[in-house]
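The next block holds one structure in the form of structure tokens; read it before the comments.
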Amino acid sequence: VLPMVHNDETVSGTSAEQTPDRSAVADELERIAASANFRKAERCVRLLRYITLSAIEGRQAALKEYTLGVEVFERPDTFDPRTDPVVRLEARRLRLKLAEYYQQDGLQDSVVIELPKGAYVPYFRSRPEPKPEAMPAPPAPARTNPPVLAFAAAAALVVISLAVWYALHRRAERPMARPSIAVLGFRDLSGRTETSWINAAVSELLSIELGAGQQLHTVPAENVARMRIELAIEPESVYRAQLLERIGADLGIDYAVAGAYQPAGDHVRLDVALFDVRSGRQLTAISSDMPQDKLQALAQDCAARIRTQLGIRLAPLQGPLGYPPADPAAMESYARGMERLRQSDALGARPLLENAASLAPANPLVHAGLAATLSMLGLDERARQEAKQAFDSSAALGRVDQLEIEGRYRQMDHDWPRAIQVYQALFTLSPDDLEYGLLVANAQTSGGKAQDAMATVTMLRSLPKPLRDDPRIDMAEAMSAGALADFARTRRAAHVAGEKAAERGARLQYARARLLESGAMQNLGIKGFADVRAEARGICAELGDRACVAAAYRIEANALAASGSLADARSLYHAVLDISNQIGNLLEKLNALAGLAYTENEQADLPAAERDYRAAIAVGEQIGTQKKYQEYADLGDVLAAQGRIADARVLGEQALDFARQSHDQESIGTSLALLARLLTLEGKFAQSIDQYGESIRILREVNDPDDLALALLELADAWLAQGNAAEARKSLEEDREIDRKHDGFVRPRLDLAFARAAVIAGQPDEAETLARSAMNAFAASGREGYRVEAAALLARALLARGANTDAAAVIALVPSPDGKGLPVESAVEFRIARYLVDANAGRRAEAVQGIDGLAAEASRLGLVPLENEARLARALVLKSAVGSHAELVH
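For the sequence shown, my numbering gives the first residue as 528, with consecutive numbering after it.
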């Protein structure tokens, strides 16, 4: 299979949830069936009732597509799921109806019934009781008795739940947008590097103070940092009206704060200017002077005067503000680290933030910043630990700050249901805060709830201008559509995002949108995707976003590898590896190593492929379990090609276990295909074909054409190993249709498979044409193993036609595979063909001796089909001593 592209968010299960008992599930089934959502959906109810009752009665094994078609939808015994998609269509409809139900009538149900994508076995879970620390109630009066406290907590939970429901389902009532303000940074008038950190510290402190009471919407520092890169501006004390207009368009803000500071001894003088971005006018100028260890007080003073200028009175706070550390040394490390992080320099940020954490171990914002840094480096487990420490330390913060920190922790912990709940609560509290809405949509997409994310996107489009015109809304739609394999919608939404970003001058956003658009174009087979990707990569390089450059190279390398340009792909994978090492991004390093291993496997350099897959797994160990299981399956494929069946099976079973734990249907399908291939190699054909059937069903369901095509090819091989060319052709014909729709990405291997079927069926003319075409294609792309295999089939087809000299010429043309470490199957098939040519030339004794050696080697490795093929060839050689030469290949 092609190398898996790992994303920063990987779907995982909700292991913390409890499985409900049978009676609770049965009650939930009846609630759903009686709901308004399902009242007129009789077929959906019938399917849901059948699969639910089967599951709670322990009959999960019966939940197959054929059985459901016959038992639920009353299809005849001749029902063929390949030609009649009724079960797949109704299952898809049922998933949508269930998602709709749990957003409406079932919002408060204690039991949830889900139908995972790619499966017909339902998944039952109990919704956990909300954790008290996650939704802190207002401080209770002294001496309140426990029953009153319990009632107050329950009432608060009901109010929040109703508020979330109201926000999600009463979208027509648009929230009033608060004034938005961004702190653009402060110029250091001293010009000394040792005091440059004060800019980042004061900017963050001032932004926190301005956001106090939630009467002003403060733009996140990450957005400001991106804007500064895109517009190539440094902090200044004043800005021209035209530049303010561009800044306002990029950030979507009403007001901006800028200024300068002058360190003098242990004091710092801060001059602050407030600008109306819409008019370009400066509204006020503020000056303040305090000791450097009183930066918090300095920020408080300036923020209070800015609020007065804007006519905003600070509402009573619900809790303390989320301040960075007060200790000057810790503050300096924190400020410098966060500045590096916002410049995408996670490698440089890490030691600074680790130092800040050691100096301020109880500060939640320091741990949150360090968690974000570790996550950017791909150190998922370490990032999760820091995010949890930030959450555990956040009890004293205000409600909004605490929820923000919890949301990041749940996200890094892959607890998507809770992350979605937290972000929805934040969005309910601040319904004009686009950042929270985008976090909801992104968590829903990452958590396997892409349809819910689409509904959230629709809600975001109802926000007031300019919020609803933000290109990130279109990007959220594009990502959700991609998760649903709706690449046409992905392309449209990404294109719109790019156009909006271009209007704003947001070049990084434009580049990322174009990068996403190019991927959708490639999946749709639309020409020009390479030019779009090159444009995006050029912008990223110009703006110094090396992570974006690496991603562009990796996507392009994957496209080249899929099209057979393996040498060019290898060059780009090496470029990705170099960049990932420079920026310390383990995730891209994993992708690069997996890509290199894939090309090495395709070029039949199995030792190199094994080395790089093991290196990728080692990187995955540092990241986390969920980022390594695909490499387990891919390494298992390499070991199988070497004839190491037992070792390959261990890896395949581990990959399948990890994939099932993560509910990753695509990886479940590919892992099953690997295990099915091992069964074929062991001669367990009936089991192999059954397992391929399950794999192919899943891969069809998740709409994965690449892996589906490869599984169908291998299924055909299993049929051919039994000599059943007719069944093999059925599988290959379906593969041919996939190939036609996806730009011929498996055509040479398809030609090879059809050639093998033609040889078995005694059709040498067809076999010759197909095998020659495949051999030439494999030679052009450097796929040496497949080239050797195609040459063997071509020689046998020529022998069958009596073209003995031509067959010998083909064998002579291809370098001997001896000692090259090629795939065992390819090498054995070539040697058998070579011995058949030798026997045809009168060297029967030598041929029999060589074939006996091949049979013994195949037997030692447990490769039953190859052993059978060798013994059949031996019999034909002996028979040809008194028969015709053509019998050698029949």
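Glycine residues also receive a C-beta, built at the ideal position from the N, C-alpha and C atoms.
Is any non-hydrogen atom of the ligand PLP found closer than 8 Å to the C-beta of residue i, if you look at the structure I gave you?
| i | result |
| --- | --- |
| alanine 895 | The ligand PLP is not part of the structure shown, which contains no ligands of any sort. |
Given this structure, state the Cα-to-Cα distance separating residue i from residue j, to the nearest angstrom.
| i | j | result |
| --- | --- | --- |
| valine 686 | leucine 924 | In this predicted model, valine 686 has a pLDDT of only 39, less than 50, meaning its place in the structure is not dependable; the value taken from the coordinates is given anyway. Distance between the alpha carbons of valine 686 and leucine 924 is about 21 Å. |
| alanine 667 | valine 927 | Annotation note: pLDDT 35 at alanine 667 (below 50); position unreliable, coordinate value reported separately. C-alpha separation (whole angstroms): 18 Å. |
| serine 1179 | glycine 645 | Inspection of the sequence shows that residue 1179 is occupied by glycine rather than by serine. Approximately 19 Å between the Cα atoms of the pair. |
| valine 1351 | proline 603 | 45 Å |
| alanine 812 | serine 921 | 35 Å |
| aspartate 820 | alanine 759 | 31 Å |
| tryptophan 1246 | glutamate 1356 | 17 Å |
| glutamine 635 | alanine 952 | 15 Å |
| glutamate 660 | glutamine 929 | Confidence at glutamate 660 is low in this model, with a pLDDT of 37, below 50, so the placement of that residue should be treated as unreliable; the coordinate-derived value is given next. When rounded, the distance between both Cα atoms is 9 Å. |
| aspartate 1164 | tyrosine 1125 | 10 Å |
| leucine 886 | serine 860 | 9 Å |
| leucine 508 | isoleucine 1287 | Past the edges of the chain, shown from 528 to 1417, lies residue 508, and the structure says nothing about it. |
| leucine 1199 | leucine 1205 | 10 Å |
| tyrosine 1140 | methionine 981 | 36 Å |
| asparagine 1331 | valine 1103 | 49 Å |
| alanine 1142 | glutamine 1188 | 23 Å |
| alanine 664 | lysine 915 | With a pLDDT of 37 at alanine 664, under the threshold of 50, the modelled position of that residue is not reliable, and the figure given next carries that caveat. In a straight line, the C-alpha of alanine 664 is about 21 Å away from that of lysine 915. |
| aspartate 872 | alanine 899 | 12 Å |
| proline 643 | glutamine 1192 | 8 Å |
| threonine 546 | valine 639 | 10 Å |
| glutamine 789 | arginine 834 | 24 Å |
| valine 949 | arginine 652 | 19 Å |
Identify the continuous beta strand (DSSP E) that holds residue i and give its terminal residues.
| i | result |
| --- | --- |
| serine 707 | 707-715 |
| glutamine 789 | 782-791 |
| leucine 810 | 808-818 |
| serine 653 | 650-653 |
| glutamate 641 | 638-641 |
| alanine 922 | Counting along the chain, alanine 922 falls outside any beta strand (DSSP E), and DSSP gives it neither H nor E. |
| histidine 794 | 794-803 |
If you follow the alpha helix (DSSP H) that residue i is in, where does it begin and where does it stop?
| i | result |
| --- | --- |
| valine 1103 | 1093-1110 |
| arginine 1370 | That residue, arginine 1370, is in no alpha helix (DSSP H); it is neither H nor E in DSSP. |
| glutamine 951 | 943-956 |
| valine 1165 | 1156-1168 |
| lysine 1027 | 1014-1031 |
| alanine 1175 | 1172-1188 |
| proline 1291 | 1291-1308 |
| alanine 594 | Residue identity check: residue 594 is threonine in the sequence provided, not alanine. Threonine 594 -> alpha helix (DSSP H) spans 592-598. |
| leucine 512 | With the chain represented from 528 up to 1417, any question about residue 512 goes unanswered, as that position is not in the structure. |
| leucine 990 | From DSSP, leucine 990 is part of no alpha helix (DSSP H); its letter is neither H nor E. |
| tyrosine 1140 | 1133-1150 |
| threonine 722 | Note, threonine 722: premise wrong, no alpha helix (DSSP H); not H, not E. |
| alanine 1390 | Here the sequence assigns leucine to residue 1390, which means alanine is not the residue at that position. Per DSSP, leucine 1390 belongs to no alpha helix (DSSP H) and is neither H nor E. |
| asparagine 750 | 748-758 |
| proline 1232 | 1232-1248 |
| alanine 1088 | 1073-1090 |
Please name the residue, chosen from the options, that lies closest to residue i on a Cα-to-Cα basis.
| i | options | result |
| --- | --- | --- |
| leucine 1123 | Asn1112, Ala1135, Leu1113 and Leu1114 | Ala1135 |
| lysine 591 | Ala1374, Gln1218, Ala1335 and Ala1330 | Gln1218 |
| aspartate 781 | Ala899, Ala1372, Glu763 and Phe802 | Phe802 |
| leucine 1436 | Lys992, Asp907, Thr972 and Glu1311 | Here the chain comprises residues numbered 528 to 1417, so residue 1436 is not present and cannot be evaluated. |
| arginine 622 | Thr605, Gly585, Ala582 and Val572 | Val572 |
| alanine 1335 | Arg1323, Gly1312 and Leu1277 | Arg1323 |
| glutamate 1316 | Gly1289, Asp1333 and Pro1344 | Pro1344 |
| glycine 974 | Met939, Ala1173, Ser989 and Lys992 | Met939 |
| glutamate 1394 | Arg937, Met858 and Gly1380 | Gly1380 |
| phenylalanine 1185 | Arg654, Gly1147 and Ala1203 | Gly1147 |
| leucine 825 | Leu797, His744 and Gly875 | Leu797 |
| threonine 1023 | Gln1214, Tyr1037 and Leu879 | The sequence shown places valine at residue 1023, rather than the threonine named in the question. For the residues Gln1214, Tyr1037 and Leu879, the minimum Cα distance to valine 1023 belongs to Tyr1037. |
| leucine 580 | Ser1090, Gly1250 and Glu555 | Glu555 |
| phenylalanine 918 | Arg1371, Thr972 and Gly849 | Gly849 |
Any chance the region 1058-1065 sits against the region 1033-1043, with 3 or more Cβ pairs inside 8 Å? yes
Check whether the region 1096-1112 touches the region 1065-1077, counting contact only when three or more Cβ pairs, one atom from each stretch, lie closer than 8 Å. yes
Count Cβ pairs between the region 1254-1269 and the region 1289-1300 that sit closer than 8 Å; are there 3 or more? no
Across the region 1238-1255 and the region 1220-1227, are there enough close Cβ pairs to call them in contact, namely three or more that are closer than 8 Å? yes
Indicate whether the contact test is met: 3 or more Cβ pairs, each with one atom in the region 721-729 and one in the region 771-778, closer than 8 Å. no
Assess contact between the region 742-754 and the region 706-720, defined as three or more Cβ pairs (one per stretch) separated by less than 8 Å. Is contact present? yes
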